[in-house]
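Colleague: Here's a structure for you.
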Amino acid sequence: VILTQPSQLTTNTFDYIIVGGGTAGLVVASRLSENSSFSILVIEAGINDHGEVPLQIPFNAPTLAPKTIYDWNTTTTEQVGLAQRIIPYARGHVLGGSSSINFLFHQYCAADDWNRLGTISGDAQWSWGHIRQYVSKHERMVAPVDGHDTSDQFVPSTHGTSGEVSISLPGSNNSIDSRVFATTQQLAEFPYTPDTSGGDNTLLGLGFLQSSSSGGVRSSSSTTYLAAANSRPNLTVLVNATVIQLIQSGNSSTGAPSFRTVHFVASPAPGNLTVDTPIVVNARKEVILSAGTVGTTQLLQLSGIGNSSDLGHIRINTIINNPDVGNNLIDHPLIPNVFEVTGSTLDGLLRDPTIQNASMTQWLQNKTGPLANSVANNYGFFRLPANSSIFETTPDPASGSKSPHWEIIFSNVWFDPGFAIPATRLFMTVVTAVVSPTSRGTIKLRNNDPFQPPMVDPGFMTTDFDIFAARESIKAALRFVAAPAWTDYVVAPFGSIFAVGVTNDTTIETYVRGQAGSAFHPVGTAAMSAFGASNGVVNPDLTVKGADGLRIVDASVFPFIPSCHTQGPVYLLAERASDIIKAAA
Ligand SMILES: Cc1cc2nc3c(=O)[nH]c(=O)nc-3n(C[C@H](O)[C@H](O)[C@H](O)COP(=O)(O)OP(=O)(O)OC[C@H]3O[C@@H](n4cnc5c(N)ncnc54)[C@H](O)[C@@H]3O)c2cc1C
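For the sequence shown, mature numbering (1 follows the signal peptide of the UniProt record, and there is no 0) begins at 1 and goes up steadily by one.
Right, here's the structure in full:
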């Protein structure tokens, strides 16, 4: 059912048109197509992921963006909180969307996050007590590729075994795993957690990373949800086609503008400035926007749904004036803290052709070895102490007393996307991130050209809280590697601030502003709010406020950022959204 050219379409009318064949879009496509009486069209701007070997190799993930055919290759605006830097803003431009290029970390965030969504939306069914049922529909926990005993690395009763996306624990022991584990025994502030998925487990503590992979190969929404639905005659997926606008197709009986007409063109080759005449398709029931936080926001605005003053300046006729469209952009800032080490690291995979070739041969032959693993085996989530001085001026932004403020990830390799690995010496990277940031940004159109990337301003590090939490996370990383477990391994922190050995608050702040990047977890620009609320973009059933025939199902609808990596929450959101859409049919 995967078409590569618009001319292969045999009809221009479908019950549902899903814009974006990404993480959420393919969940909805797969679930809706379970009902054989529905006809569904998915329109995806990127290429078909099938047969794209680089996407399949877990360790390869950091090479898939930026500046590749799998990425939209856009950047942020100049970040005032990041020393005026403009940074890459990766998002998948391929079937499977960001689930085809992400780093495979998989978890559900804290139950508190979902309970907060239930409260904000006024719909208790967004709370964890209701959402937890979707874990077993979504997840298939499988054995790690090396078959090792995982009994103390996850809690089986909290996982699914027959869902769509395969999840596994690290498949090859990393030489630092035992040191990380020993540190949880040596330093009480970093307790071990037997399961890092969150949800029914506490998200707080440090443990083994679960990744969206099986048998050493990535599981994306395309290789799972779509693969399960691929032979259904009621589902059509068109790749290499970019939606440029939704068109008002009439009004509902209550006078709300209907958006059931979609204009798209064959995705232009890079550098091609001539755009074809739009092709028109119509939805009998609904159009579902699943173009991701950036893509969905851009399309709403191009279609006249947004801030009328902003739209007027770029000669777009406003159909629904909603100033919240494009506001409230939230993302997780992360900082790669590199340490020089003495022992065995994975650095050879980045700079030694002999090791690279041997690893690739091993992966191609039996999907094992270092390439079969994601870039980290262990990570953890922590809270700032309750008596931290920042809480004298800033209310605690976490979703609850059991949801974290910051994260720490251990990668036994040079993992600083901003800089190539130096030619000599060995490195380990201790990435830290702020997972309850208070900085807010915007997504706005530059002009009315659908092929001009919008201005994406995540507003990184523009609040005292975010700087405070980032600084404390770095101090914690320094305490972590000062534990006895590391004395014969860590030589010294590597790079700028650390090289001079001064770690006071001012120098760490300068370092954060110079080093931080994006975890690529944007949310919030089409925020969910209660029915009748004076703010927000979608209702709790994900229908667009003030519109008819239009829903949004993707990361953009989270009104605040969940406190962990976002693909798991997006998958669960899309599972429930599918049930809502089916029930409304
Ligand atoms: C490099 C990277 C690493 C990440 N690492 C992790 C991780 O390790 N763990 C984790 O949990 N999360 C991670 N994330 C975040 C996570 O993958 C996303 O939050 C999630 O996948 C978003 O899902 P979505 O459905 O909202 O959007 P996407 O999955 O991005 O889907 C949007 C789709 O819409 C398509 N599209 C957009 N505009 C148009 C248009 N005009 N016409 C047609 N199609 C369009 C896009 O091409 C894309 O396929 C990462 C993200 C990136 C980019």
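From the three backbone atoms N, C-alpha and C, an ideal C-beta is built for every residue, glycine too.
Assuming the contact rule is C-beta atoms closer than 8 Å, Asp347 and Val413 should be a hit. Round their C-beta distance to whole Å, please.
Modeller: 6 Å
Colleague: Under 6 Å: does the beta carbon of residue 586 sit that close to some heavy atom of ligand 1?
Modeller: Residue numbering for the chain in the displayed model covers 1 to 585; residue 586 lies beyond these limits and cannot be assessed.
Colleague: Sort Ala110, Pro54 and Asn387 by Cα distance to Pro569 and report the nearest one.
Modeller: Ala110
Colleague: Less than 6 Å between the CB of Ile314 and some heavy atom of ligand 1, yes or no?
Modeller: no
Colleague: Taking the continuous alpha helix (DSSP H) assigned at Lys582, which residues delimit it?
Modeller: Gln567 to Ala584
Colleague: When the Cα of Val430 is compared with those of Ile421, Gly418, Ser162 and Ile409, which residue comes out closest?
Modeller: Nearest option by C-alpha distance: Ile409.
Colleague: Have a look at Pro58 and Pro370 and give me their C-alpha separation to the nearest angstrom.
Modeller: 9 Å
Colleague: So the alpha helix (DSSP H) Tyr134 belongs to, where does it begin and stop?
Modeller: Gln133 to His138
Colleague: Short check: CB of Thr463 to CB of Ser436, under 7 Å?
Modeller: no
Colleague: Please list the terminal residues of the continuous beta strand (DSSP E) segment that includes Tyr379.
Modeller: Asn378 to Phe382
Colleague: Going by CA-CA distance only, name the one from Val512, Ile47, Leu542 and Asn448 that's closest to residue 596.
Modeller: Any answer about residue 596 is impossible in this case: the structure gives the chain only from 1 up to 585.
Colleague: Which class does Asn234 belong to by DSSP, given the choice of helix, strand or coil?
Modeller: coil
Colleague: Following a CB-centred definition, is Arg91 positioned closer than 6 Å to any heavy atom of ligand 1?
Modeller: yes
Colleague: Quick one, are the C-beta atoms of Val491 and Val481 less than 7 Å apart?
Modeller: no
Colleague: Would Ala485 and His405 be called neighbours here (beta carbons separated by less than 7 Å)?
Modeller: no
Colleague: Quick check: the Cα distance between Tyr269 and Asp276, rounded to an integer number of angstroms?
Modeller: Just to set this straight, residue 269 is Ala in the shown sequence, not Tyr. Taking the straight line from one Cα to the other gives about 12 Å.
Colleague: Using a threshold of 6 Å, is the CB atom of Glu44 nearer than that to any non-hydrogen atom of ligand 1?
Modeller: yes
Colleague: Among the residues of its own chain, which have a CB less than 8 Å from the CB of Leu384, if the five just before and after it don't count?
Modeller: Ile390, Phe391, His405, Trp406, Phe468, Ala469 and Glu472
Colleague: In angstroms with no decimal places, state the Cα-to-Cα distance between Ile443 and Val553.
Modeller: 18 Å
Colleague: For ligand 1, is there a heavy atom less than 6 Å away from the beta-carbon of Thr566?
Modeller: Because some heavy atom of ligand 1 lies under 6 Å away, the Cβ of Thr566 counts as near it: yes.
Colleague: Would you check whether ligand 1 has a heavy atom nearer than 6 Å to the C-beta of Phe105?
Modeller: yes
Colleague: Please work out which residues of its chain come closer than 7 Å, Cβ to Cβ, to Phe494, disregarding the five sequence neighbours upstream and downstream, and give them in chain order.
Modeller: Val338, Phe339, Glu340 and Phe427
Colleague: Does the beta carbon of Thr432 fall short of 6 Å from some heavy atom of ligand 1?
Modeller: No - ligand 1 has no heavy atom lying nearer than 6 Å to the Cβ of Thr432.
Colleague: Mark Gly271 as exposed unless 16 or more other C-beta atoms lie within 10 angstroms of its C-beta, in which case mark it buried.
Modeller: exposed
Colleague: Is the beta carbon of Val239 less than 7 Å from the beta carbon of Thr4?
Modeller: yes
Colleague: Should Ala65 be listed as close to ligand 1, given that the test is whether its C-beta is under 6 Å from any heavy atom?
Modeller: For Ala65, the CB falls within less than 6 Å of some heavy atom of ligand 1.
Colleague: The beta strand (DSSP E) with Gly205 in it runs from where to where?
Modeller: Gly205 to Phe208
Colleague: Which residues share a DSSP beta bridge with Asp71?
Modeller: Gly92
Colleague: Give a yes or no on whether the C-beta atoms belonging to Val180 and Asn378 are separated by under 7 Å.
Modeller: yes
Colleague: Leaving aside the five residues before and after Gln79 along the sequence, list all residues of the same chain whose C-beta is less than 8 Å from its C-beta, in chain order.
Modeller: Arg85, Ile86, Ile87, Asp457, Pro458, Gly459, Phe460 and Met461
Colleague: Using only alpha-carbon positions, find the residue among Leu311, Leu350, Asp416 and Asn328 that is nearest to Leu445.
Modeller: Leu311
Colleague: Report the residue ranges of all beta strand (DSSP E) runs contained in full by the segment 243-276; include only those spanning at least 3 residues, in chain order.
Modeller: 261-266, all fully within the segment 243-276.
Colleague: With DSSP collapsed to three states, give me the class of Thr342.
Modeller: coil
Colleague: I'd like the span of the beta strand (DSSP E) that includes Thr13, first residue to last.
Modeller: Thr13 to Val19
Colleague: Drop a sphere of 10 angstroms on the beta-carbon of Lys475, count the other beta-carbons inside from all chains shown, and report buried for 16 or more, exposed for fewer.
Modeller: exposed
Colleague: Can you tell me whether Leu364 is buried or exposed? The criterion is at least 16 other CB atoms within 10 Å of its CB, across all chains shown.
Modeller: exposed
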